[in-house]
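Counting in full-length UniProt numbering, the sequence shown tops out at residue 165, every number present. In this text, a Cβ means the ideal position worked out from N, Cα and C, and glycines have one as well. One structure is given here, and the rest of the page talks about it.
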Amino acid sequence: MANSLPCPCGSESQYADCCGIFHVNPGSAPTAESLMRSRYSAFALGQFDYIDATQALPLAENAEDSNGRTLWTKLEIISTEQGMESDTTGKVTFAAHFKEGKHTGCLKEVSMFEKQQGKWFYVSGEHRVEENPPLPNASSTKTGRNDPCTCGSGKKYKKCCATKN
């Protein structure tokens, strides 16, 4: 991935200076929130080895297949409890917006994190998915090259996520 692309986590930083740092060095996220953001970015980029390396239990065998049709479009951090560098547990509540075919939706989750041997891990989460009705004429709602990018970066699609494909 090019260094000048925005980070999928919505931090407004470049990927290489944000979640990219953690993706090349699993276990280096300093807080529960930074781990949560980097895991979202890994899902958005299809980096399932990172997802597996940063959770307490092994990744479900079908996780990559079930995520293959999902375009993650926006992350919102709702709240964070504990999870700082000096803590051993943390909780992050977030909303992850997505598009799958003609559907858009939002996954809302309360994620639990635990620090083990100085490294943060995802332990569990309670989530619900809110799907919107199918988009009418989905083929006509495709993002054009000069349209704003769906990830919320503020850049044109051709200068942002179109270069990821």
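Go through its chain and collect everything with a Cβ distance to residue i's Cβ below 6 Å, but skip five positions before and after it.
i	result
K159	none
D17	none
A29	F22, L35, S38, W120
H97	T73, K74, C106
L5	Y15
Look at residue i and residue j and say whether their C-beta atoms are less than 8 Å apart.
i	j	result
F94	E114	no
F48	S34	no
A32	T80	yes
H127	K108	yes
T54	P26	yes
For residue i, which three-state DSSP category applies?
i	result
S4	coil
L71	strand
M36	helix
residue 166	Since the displayed the chain opens at 1 and closes at 165, residue 166 lies outside it and no answer follows.
Return the residue from the list the options that minimises the CA-CA distance to residue i.
i	options	result
G125	N25, A53, D87, K91	K91
To which residues of the same chain is residue i closer than 7 Å at the C-beta, ignoring the five residues directly before and after it?
i	result
F43	I51, N67, W72
For residue i, I'd like the list of residues in its chain whose CB is within less than 8 Å of its CB, leaving aside the five on either flank, ordered along the chain.
i	result
G83	T31, A32, E33, T89, G90, K91, V92, F113, W120
Y122	L35, M36, R39, T54, Q55, A56, S111, M112, F113
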